[in-house]
Each structure stands twice: as structure tokens, then as C-alpha cells.
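In the numbering used here, the protein residues as written are -4 to 404. Ideal Cβ positions, reconstructed from N, Cα and C, are used throughout, including at glycine.
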């Protein structure tokens, strides 16, 4: 590479800015040279608009609190290209350093009575998204009975309303700000963790850094830090960076549109913390519009309104997803139960209906692996399923709901 490509010189307009900034400091050229570790002749060359090595040129501009791209005589296109190369390198560096945090936070799942965690990649089953929210829809009797035969009346209303489904990853690619709603146990957190892992490994949105934030933990952090400070503190402890440097780097990445910010469990935040957390989310989303934000919330929780966020809903599992999950589950357990499990689901339509919910499908797999059969007392199984959704799942995660949920249980 020739010297002209390695060097920069100030433009006529740029040198005027530099001279004004230099005058404001009250420094001598010797002092400025000392600040950047260069000799006086180098500083003289800079102010004489002679070519100076690119790193030195940038150091001088930084010392004078100037943006080097505004001072240099260089094509805007070349500046943008250089900045892109620089930010690409930063993304790679930070993603490598925060990967252990993502792996620790998102790499496994352990629910209900599982005796040990399972690697997320081994069990994850593709999530589908409904772009029209059905969980809030108020239907009349005729709509509810549509498609429900007399023989299936005991299952009335359980299957929901059929809507077009979109793969979860496609929905995230489509919308810059996404609020993912869903019924209890439908897999909202698992989906967000999968996004984090895939981004961290460069398999999804490889030009971004995944940032996973459990909102309940953030809300209950001592000292009530702001969201940026909370994330920076996580990076400090996990990526061995100075606090100020971590926050500055975070802001730079987010402003450049290089953040995939995953905000999990808005409904899990205590009522007394809710308004503060909502403000934090709105502020960071408004401030760093170029970056991507995905949040999750239970569908029957408080009515939240985020002006920039598009709302979608996680769809219940269909037959293909139930089959894929069951096969993976029993393969991990080294049990040849998958086909028997699926056959018995087909033979028991009401139990099969439970399996459309991933959490209840997990419960059914746990029950089946004990004896290769479902419990003889079906009523007890249904009661356990209801208790799992309304009480046990929250209790396992130490979540306190508003009174409305307690009354439902």
C-alpha cells in the first residue's frame, strides 16, 4: 500500500476547525506533540496540511476533540468505508468477549421437574409467529364454534383461531422493533435465548452483537441502574472491560445499528417497577433506533404500548413441531419412546391438545418417560397441566403475579 493511502491531510475547512480547537486549548505544539507521543515537526506538518500517517492524524484529532473524518481531505465514501471496517472489527471483538455471557445465560434450558439442564441447541424446535394477535381477540359464539364438531365439544375453544404463521426468525428479520406476545409456557423465553445463541455464533444477524436482558433481574438490581449501565456492568464482569469503556463501546455499537437487544419477560416485572422499566425500554429504543430490539411479554398481562414496536404472537405448536420436539427429547434421554408417545397422543385428542403448548408438552414427555405411558388418571393429568401454567411455572422462577393471576388459579 502506497504512502498516499496510509496518510491523511487536513482539508482547507478542516484545518480551520483544527486551528480553532488548538487555540482554545492554549497548548503549544510541543505540548500537543507530547500528548500524542509525536515530535513537533509532525504537528507542524499536520497544521501545514501536509500528509501525516493515518493513525497519527487520527490521534491529533482525538486530542483536539475533533472527528477526524470531518477534518481530513478525503472522500465521504472512503470515510464511511473505513468506519465500516472499524465497526465490523469491533463487533467481532465484542461478540467474542461476550459469548461466554450469552452461553451461560442462554445455552441451556431446565424447566419443571427436569433433573438436569438440556443444551438449548439439542431440544430447540422452530417457533412460528402470528402477525395478527389472537390472544386478545373477543369472539362471538358463532366464531368460537366454527370448526368445532359436536364430538369435539369437550375441546371447545382450545385450538384457537387459525391464522397465517411466519417462521420466528423471519419475523425478527422483518421488524426492527418487535414485541413478542404469547400465552404462558408457549416458548417466548426459549425463542429469545435461541436468537441470542444464534447471533452470538454468527448464524443469525452476524453483523450484530446479541444483548440478552432478563427484565425481572434488571428491575430488581440494587441501586436501580439505567438499562445501559446495567448492560455495561454485565460486560464489565463478563468481558473484562473497564466500566467507562464498556458503556462507551455499547453506545457506539447501538448507535451504529449493531445491537440485537433481547428484553425478556416484561410481564415478570413487579408492578411497582413496571413504569420505570417501560420508560427505560422506550428511552433506549428511541435513542438507538438503528439497532434491533425484541421484547417478550405474556399476552394477558397489563396493556403495554410501545409506539415503535410491532406486536406479534407466538403460535401454538402444530403436529410437525410436536413430533420434532418429542423425537429430540427422547433421543437426548436415550429412550426409544418417541413413536409410542406420538401414537398415544393421536389416540387421546384431549391430551394431544395439551401438547400444542411447549411447556405442557415438556410435562407430558416427563410423565411418559417414567413408564412409557400416560397416567391412568387423566383428570389428575389435566389438573397438573392447569396448575403448571397458573402456579408452578411462576413459582419455579420466583415470579409474583398481580392478583388477577392468583384468582385464576
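Euclidean distance between Cα positions of residue i and residue j
i	j	result
residue 163	residue 190	9 Å
residue 94	residue 196	8 Å
residue 278	residue 347	43 Å
residue 229	residue 361	35 Å
residue 328	residue 85	41 Å
residue 276	residue 372	46 Å
residue 58	residue 288	35 Å
residue 87	residue 351	39 Å
residue 21	residue 251	34 Å
residue 89	residue 247	12 Å
residue 166	residue 220	31 Å
residue 38	residue 8	18 Å
residue 363	residue 369	5 Å
residue 378	residue 117	29 Å
residue 46	residue 82	25 Å
residue 365	residue 111	15 Å
residue 215	residue 260	13 Å
residue 32	residue 266	55 Å
residue 315	residue 321	10 Å
residue 222	residue 42	42 Å
residue 340	residue 349	9 Å
residue 323	residue 283	39 Å
residue 113	residue 185	12 Å
Pair within 8 Å by beta-carbon distance, residue i and residue j
i	j	result
residue 175	residue 183	yes
residue 120	residue 319	yes
residue 357	residue 106	yes
residue 293	residue 209	no
residue 307	residue 173	yes
residue 423	residue 181	In the structure as shown, the chain begins at -4 and stops at 404. Residue 423 is therefore absent and cannot be evaluated.
residue 160	residue 124	yes
residue 204	residue 171	no
residue 333	residue 325	yes
residue 249	residue 227	no
residue 355	residue 383	yes
residue 69	residue 56	no
residue 60	residue 16	yes
residue 115	residue 192	yes
Per-residue DSSP class, three states only, for residue i
i	result
residue 32	coil
residue 317	helix
residue 123	strand
residue 205	strand
residue 139	Because residue 139 carries a pLDDT of 44, less than 50, the predicted location of this residue cannot be relied on, and no value is offered for it.
residue 327	helix
residue 309	strand
residue 2	strand
residue 114	strand
residue 106	coil
residue 58	helix
residue 67	strand
residue 262	helix
residue 217	coil
Residue i, buried or exposed, once every other Cβ within 10 Å from all chains shown has been counted against 16
i	result
residue 80	exposed
residue 331	exposed
residue 242	buried
residue 211	buried
residue 336	buried
residue 198	exposed
residue 271	exposed
residue 1	exposed
residue 100	buried
residue 280	buried
residue 217	exposed
residue 78	exposed
Residue i: first and last residue of the uninterrupted alpha helix (DSSP H) it sits in
i	result
residue 345	344 to 349
residue 270	266 to 282
residue 290	Not the alpha helix (DSSP H): residue 290 falls in the beta strand (DSSP E), residues 287 to 293.
residue 179	Careful: residue 179 lies outside any alpha helix (DSSP H) and carries neither H nor E.
residue 62	Counting along the chain, residue 62 falls outside any alpha helix (DSSP H), and DSSP gives it neither H nor E.
residue 372	It is not in any alpha helix (DSSP H) - residue 372 carries neither H nor E in the DSSP assignment.
residue 302	Looking at the DSSP string, residue 302 is not in any alpha helix (DSSP H), and its letter there is neither H nor E.
residue 250	238 to 250
residue 43	Per DSSP, residue 43 belongs to no alpha helix (DSSP H) and is neither H nor E.
residue 10	7 to 20
residue 363	353 to 366
Contact with chain D by residue i, beta-carbon distance below 8 Å
i	result
residue 241	Absent from the structure is chain D; it holds one protein chain and no more.
Start and end residues, beta strand (DSSP E) containing residue i
i	result
residue 257	254 to 259
residue 160	160 to 162
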